[in-house]
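Step one of this worksheet: look at the structure below.
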Amino acid sequence: MKKTIMSLAAAAAMSATAFGASASAKEITVEKGDTLWGISQDNGLNLKDLKKWNQLSSDIIFPGQKLNISSQEENSDQKQYTIKPGDTLSKIAQKYGVSVNDLKGWNNLKSDLIFAGKTMAITGDGAGVKAPVKQAAVQSEQPAAPVKRQAAPSSQPEAAAKEITVKATAYSANDGGISGITKTGVDLNANPDAKVIAVDPNVIPLGSKVYVEGYGEATAEDTGSAINGHKIDVFISNKEDALNWGVKTVKVKILD
């Protein structure tokens, strides 16, 4: 699918705000046969974001129509990163030399779940990766044995009995004939925020507490006919978000 992409320099100059944000959008022209879903996939975007950026209330588009394929606002004192398919918070943190906790704090994230196409800040004060490095140095000068005084964040386990690498897909309740009740009896319809994974019990025993890279702490509560060997299925209540998860190779730490 051939696209014509152009920078909106003029729009960037006209849309500065009091907070220093400026337009930094890219635009494509819809061609005959294009669909909004196809455009989102070609550009690694979330369909909801694409509709939001273009103020669309439906998926209907027309040949010749101009569509923004990037966010209109970026904070000028924060370096921005566009999440790519297969990215995890830990991979992004490693790439830029920052911590997962800093990324979550700068982007107001309550879990490790991220989606391709969205942008996130990778520095909190415009100083690149220097700010978190400085913070780490200050922490290292504090007295030893901080474990009793400072609990580890709930999204990052202190230790793991075992770590394995698996292929991870995602599912939602009542999708494809799934009843919404896990193998261990958890009602996912009544608990849409539950952090649950489906496993092969021969690899990860049911009831195990785990930490899944890119998903966070969860419990092995379910099984599936296609979940054999080193495979897992993470529960995400929103069907579209589950589809956007795709297939990822992640590390799983079995905590107990």
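If you use mature numbering (1 follows the signal peptide of the UniProt record, and there is no 0), the sequence shown corresponds to residues -23 to -1, 1 to 233, in order. Where a beta carbon is used, it is the ideal one built from N, C-alpha and C, also for glycine. Only a predicted model underlies this, so the values are computations on that prediction, with no experimental measurement involved.
- Assigned with DSSP and collapsed to three states, residue 99 falls in coil, not helix or strand.
- In its chain, beyond the 5 residues on either side, 21, 22, 23, 26 have a beta carbon closer than 6 Å to the beta carbon of residue 94.
- Residue 217: member of the alpha helix (DSSP H) spanning 216 to 222, first to last residue.
- Remark: C-beta atoms of residue 187 and residue 207 do not approach each other more closely than 8 Å.
- Residue 71 and residue 156 have their C-alpha atoms spaced approximately 39 Å apart.
- Taking C-beta separations shorter than 7 Å and ignoring five residues to either side along the sequence, the partners of residue 61 in its chain run 21, 93, following chain order.
- Counting other Cβ atoms within 10 Å of its Cβ, residue 198 reaches 16 or more and is therefore classed as buried.
- When only Cα atoms are considered, residue 12 and residue 40 end up about 10 Å apart.
- Going by beta carbons, residue 209 and residue 145 fall inside the 8 Å limit.
- One alpha carbon belongs to residue 69, the other to residue 90, and they sit about 13 Å apart.
- Across the set 212, 203, 184, the C-alpha of 184 shows the shortest separation from the C-alpha of residue 232.
- The three-state secondary structure of residue 188, taken from DSSP, is strand.
- For a cut-off of 8 Å, the C-beta gap from residue 147 to residue 99 is around 25 Å, too long to register as a contact.
- In its chain, beyond the 5 residues on either side, 141, 143, 187, 189 have a beta carbon closer than 6 Å to the beta carbon of residue 229.
- For residue 193, the three-state secondary structure derived from DSSP is strand.
- 47 is the residue among 19, 223, 171, 47 whose C-alpha sits nearest the C-alpha of residue 29.
- Contact between residue 216 and residue 191 fails: their C-beta atoms lie close to 19 Å from each other, not under 8 Å.
- CA-CA distance, residue 64 to residue 223, rounds to 11 Å.
- Where residue 19 is concerned, there is no enclosing beta strand (DSSP E), although the alpha helix (DSSP H) around it starts and stops at 13 to 19.
- In the DSSP annotation of this structure, residue 26 is not part of any beta strand (DSSP E); the continuous alpha helix (DSSP H) holding it starts and ends at 24 to 30.
- Taking the CA atoms as reference points, residue 42 sits about 25 Å from residue 221.
- The shortest CA-to-CA distance from residue 37 to any of 18, 14, 178, 82 is the one to 14.
- Between the beta-carbon of residue 176 and that of residue 204 there is about 6 Å, and that keeps the pair under the 8 Å contact cut.
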